[in-house]
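Asks: Below are the structure tokens for one structure; questions will follow.
Number of protein chains: 2
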Amino acid sequence: MAQHLIRKLEHFVRLSPEDKQALEEAARRNVRVFGAHQDIISEGDSPEHVNLILEGWACRYKQLEDGRRQIISFFVPGDLCDPHVFVLREMDHSIGTITPVRLAEISRDVLLNLTDRYPRITKALWWEMLVTTAIQREWTVNLGQRTALERIGHLLCELFIRLRTVGLTEGDSCLLPVTQVELGDATGLSNVHVISRAAGVAEQGADRPEGQAPDHSGPGGASAGVAVQRELPAP
Amino acid sequence: MAQHLIRKLEHFVRLSPEDKQALEEAARRNVRVFGAHQDIISEGDSPEHVNLILEGWACRYKQLEDGRRQIISFFVPGDLCDPHVFVLREMDHSIGTITPVRLAEISRDVLLNLTDRYPRITKALWWEMLVTTAIQREWTVNLGQRTALERIGHLLCELFIRLRTVGLTEGDSCLLPVTQVELGDATGLSNVHVISRAAGVAEQGADRPEGQAPDHSGPGGASAGVAVQRELPAP
DNA sequence: GCAGAGATTTCACCTGTGTGAATGATCGCA
DNA sequence: TGCGATCATTCACACAGGTGAAATCTCTGC
Numbered sequence: 001m002a003q004h005l006i007r008k009l010e011h012f013v014r015l016s017p018e019d020k021q022a023l024e025e026a027a028r029r030n031v032r033v034f035g036a037h038q039d040i041i042s043e044g045d046s047p048e049h050v051n052l053i054l055e056g057w058a059c060r061y062k063q064l065e066d067g068r069r070q071i072i073s074f075f076v077p078g079d080l081c082d083p084h085v086f087v088l089r090e091m092d093h094s095i096g097t098i099t100p101v102r103l104a105e106i107s108r109d110v111l112l113n114l115t116d117r118y119p120r121i122t123k124a125l126w127w128e129m130l131v132t133t134a135i136q137r138e139w140t141v142n143l144g145q146r147t148a149l150e151r152i153g154h155l156l157c158e159l160f161i162r163l164r165t166v167g168l169t170e171g172d173s174c175l176l177p178v179t180q181v182e183l184g185d186a187t188g189l190s191n192v193h194v195i196s197r198a199a200g201v202a203e204q205g206a207d208r209p210e211g212q213a214p215d216h217s218g219p220g221g222a223s224a225g226v227a228v229q230r231e232l233p234a235p
Numbered sequence: 001m002a003q004h005l006i007r008k009l010e011h012f013v014r015l016s017p018e019d020k021q022a023l024e025e026a027a028r029r030n031v032r033v034f035g036a037h038q039d040i041i042s043e044g045d046s047p048e049h050v051n052l053i054l055e056g057w058a059c060r061y062k063q064l065e066d067g068r069r070q071i072i073s074f075f076v077p078g079d080l081c082d083p084h085v086f087v088l089r090e091m092d093h094s095i096g097t098i099t100p101v102r103l104a105e106i107s108r109d110v111l112l113n114l115t116d117r118y119p120r121i122t123k124a125l126w127w128e129m130l131v132t133t134a135i136q137r138e139w140t141v142n143l144g145q146r147t148a149l150e151r152i153g154h155l156l157c158e159l160f161i162r163l164r165t166v167g168l169t170e171g172d173s174c175l176l177p178v179t180q181v182e183l184g185d186a187t188g189l190s191n192v193h194v195i196s197r198a199a200g201v202a203e204q205g206a207d208r209p210e211g212q213a214p215d216h217s218g219p220g221g222a223s224a225g226v227a228v229q230r231e232l233p234a235p
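Heads up: the protein sequence lines correspond to chains Z and H, in order.
Just so it is clear: in the first sequence, position 89 is 89 by the UniProt record's numbering, and no numbers are missing.
Just so it is clear: in the second sequence, position 160 is 160 by the UniProt record's numbering, and no numbers are missing.
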């Protein structure tokens with residue numbers, strides 16, 4: 001059940017069989033299923049548990065009164081939505097599904113128990129959180145400084161690498177169950193503009209992405225290097 | 001010395017005299033001084049300690065090869081640069097001063113000691129970190145969805161409120177020792193464009209900001225509500 | 001008191017991206 | 001088998017914001 005999370009964390013620390021066992025256990029109870037385009041938790045709600053994505057894609061987003069929407073980050077299998085969220089009274093943003101999603105609700109107690117008993121897990125979760133905030137910084141740069149072409153190229157590279165980390169790629173290709181409107185909401189572009197630029201990425205990209213945070217920011221523009229199939233995973 | 005940090009944390013938890021004493025102590029040792037426009041720590045360096053800003057302004061930024069620069073966040077007195085940074089091998093971004101800065105370097109051991117012995121401080125630092133990441137999310141929305149006018153209005157409100165939290169405002173005004181180029185780097189705008197829009201903010205704004213995360217995103221644009229003096233604090 | 005660097009302000013012009021609308025594809029479902 | 005909904009694609013046009021350059025203005029140091 002928790003194989004994606006375990007695979008991801010093992011990029012940073014070596015987990016013992018007991019560590020893995022404990023994670024599996026935590027991910028087994030309280031599994032919930034959501035359809036596509038549903039809110040898992042909405043702005044203003046108070047968070048009750050940490051959600052571990054087992055299957056499917058989701059996103060964190062914020063919506064302005066006039067309808068403008070910004071996707072703040074994507075969640076793919078193995079991702080934890082806010083392992084520290086209990087401190088806050090209420091959510092300042094929403095989390096919604098993109099595809100149908102299967103997730104495990106992990107209660108505060110279970111999580112505290114986990115970090116109390118398994119120091120390697122604690123360390124790995126710290127690292128996971130730091131990587132997440134580093135990605136968040138990269139998005140800030142993406143939105144603030146890069147052109148449309150570069151933004152989309154960079155985002156595709158990020159997602160490809162994250163999927164590869166949890167073993168959800170095949171060679172140079174991966175599934176990308178995200179509509180153009182959603183790509184636009186994530187990159188701060190209009191849906192109409194996404195296509196012309198996404199086409200540009202497809203033309204230019206042939207290199208393989210390397211490293212954790214690819215930075216294709218030169219004047220030459222982004223090279224995606226990812227053969228992306230727009231296709232939903234078979235259930 | 002640590003009065004700004006203490007004042008900020010007390011918005012969330014009530015600190016005992018001993019808590020405050022401990023914070024004061026930690027901020028007293030290893031004080032360093034930087035000039036304006038210097039790097040405190042650069043991309044690629046490995047972080048050695050947590051920096052507590054005592055006086056002056058700094059910022060976190062990332063620079064692309066072709067010179068484009070994105071300011072990712074501002075630091076004002078009372079702010080901690082990354083209370084969790086030790087987990088990372090090397091910095092993926094730089095921290096540089098804007099004005100001359102006085103800061104306290106807090107070592108890993110001192111910080112761990114602090115969080116071990118003073119649970120209220122631990123809780124307050126957790127809260128501080130969550131607020132910081134919430135601000136980071138807000139920047140993502142700012143850069144991705146808002147117009148130039150709204151971006152600048154929102155940024156000015158944020159800074160005013162943060163300064164008020166640490167007691168660095170006077171009535172409706174505060175110091176803003178930030179150049180237009182820096183405002184542009186933070187909002188993803190060109191310096192030339194900042195001025196026309198900043199002028200717009202000055203004209204439109206007369207309301208007082210309210211709440212922690214002001215959201216002036218309606219079609220009417222941003223209202224800054226802050227009378228800002230562009231002036232360096234006397235040394 | 002002067003020189004030089006950095007910051008602000010203004011201008012004219014250009015371009016990247018948004019808007020709105022119309023047309024085709026694709027897919028789930030009755 | 002066909003209907004409706006959701007996405008993708010394309011086009012023509014509009015405009016927000018970028019670019020480059022030049023003219024002040026304001027410090028700061030000598």
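Just so it is clear, CB atoms sit at the ideal spot from N, CA and C, and this is done for glycine as well.
None of the values given here were measured: they were computed from a predicted structure.
#1: Relative to the C-alpha of H:Q59, which residue among H:F74, H:S46, H:I53, H:E65 is closest?
#2: May I ask you to list, following chain order, the residues of the region 117-148 of chain Z that have a beta carbon less than 7 angstroms from some beta carbon of chain H?
#3: Which full runs of the beta strand (DSSP E) of 3+ residues lie inside the UniProt domain "Cyclic nucleotide-binding" (11-133) of chain H, going along the chain?
#4: Would you call the CB atoms of H:V166 and H:P77 closer than 7 angstroms?
#5: If you draw a straight line from the C-alpha of H:L175 to the C-alpha of Z:F160, how long is it?
#6: Can you give the Cα-Cα distance for H:L23 and Z:L54, rounded to whole angstroms?
#7: Locate the alpha helix (DSSP H) running through H:L9, then write down its first and last residues.
#8: Using 8 angstroms as the threshold, is the region 127-145 of chain Z in touch with the region 184-194 of chain H, meaning 3 or more CB pairs across them?
#9: Please specify which runs of the beta strand (DSSP E), each continuous and at least 3 residues long, are wholly inside the region 148-186 of chain H, giving them in chain order.
#10: Whether or not the region 128-142 of chain H and the region 128-143 of chain Z are in contact is what I'm after, with contact meaning three or more pairs of Cβ atoms, one per stretch, closer than 8 angstroms; do they touch?
#11: Which residue from Z:I6, Z:N30, Z:V178, Z:E170 puts its Cα closest to that of Z:R102?
#12: Contact between the region 87-100 of chain Z and the region 35-55 of chain Z is defined here as three or more beta-carbon pairs at a separation below 8 angstroms; is this criterion met?
#13: Does any residue of chain H have a CB that is nearer than 7 angstroms to the CB of Z:V87?
#14: Would you mind sorting Z:R89 into buried or exposed? The rule is 16 or more other CB atoms within 10 Å of its CB.
#15: Here's a check: name, in chain order, each residue in its chain whose Cβ is nearer than 8 angstroms to the Cβ of Z:H193, leaving out the five neighbours to either side.
#16: Taking C-beta pairs closer than 7 angstroms, name the residues in chain Z that H:H93 reaches, listed in chain order.
#17: Roughly how many angstroms lie between the CA atoms of H:G153 and H:R197, to the nearest whole one?
#18: Report the rounded CA-to-CA distance for Z:R162 versus H:I121, giving the unit in angstroms.
#19: Closer than 9 angstroms by beta-carbon distance: list the chain Z residues that pair up with H:I161, in chain order.
#20: Less than 7 angstroms between CB atoms is the rule here; does Z:G188 satisfy it with respect to chain H?
#21: Within 10 Å of its beta-carbon, does Z:V33 have 16 or more other beta-carbons around it, so buried, or fewer, so exposed?
#22: So for H:G144, helix, strand or coil by DSSP?
#23: Along chain H, which residues have their Cβ under 8 angstroms away from the Cβ of Z:Q70?
#24: Taking only beta-carbon positions, decide if Z:K8 is within less than 7 angstroms of chain H.
#25: Looking only at its chain, what residues have a beta carbon closer than 7 angstroms to the beta carbon of Z:V13, apart from the 5 residues adjacent to it on each side?
#26: Does the distance from the C-beta atom of H:W57 to that of Z:V87 stay below 7 angstroms?
#27: Just verifying my parser: in three-state terms, what is the DSSP assignment at Z:S196?
#28: For H:L114, which residues in the same chain have their Cβ closer than 7 angstroms to its Cβ, ignoring the five residues on either side in sequence?
#29: Roughly how many whole angstroms lie between the Cα atoms of Z:V181 and H:R68?
#30: Alpha carbon to alpha carbon, how far is H:E10 from H:E150?
Replies: According to the data block:
#1: Before going further, note that residue 59 of chain H is Cys rather than Gln in the sequence given. Taking only the C-alpha atoms, the option nearest H:C59 is H:F74.
#2: W126, W127, L130, T133, A134, Q136, R137, W139, T140, V141, L143, G144, Q145
#3: 31-34, 39-41, 49-55, 58-63, 69-75, 94-97, 101-107
#4: yes
#5: 44 angstroms
#6: 42 angstroms
#7: 3-9
#8: yes
#9: 173-175
#10: yes
#11: Z:N30
#12: yes
#13: yes
#14: exposed
#15: A148, G184
#16: R137
#17: 9 angstroms
#18: 35 angstroms
#19: Those do not exist, as H:I161 stays about 15 angstroms from chain Z at its closest Cβ, beyond 9 angstroms.
#20: yes
#21: exposed
#22: helix
#23: T140, V141, G144, Q145
#24: no
#25: R120, K123, A124
#26: no
#27: helix
#28: A22, A26, I121
#29: 27 angstroms
#30: 31 angstroms
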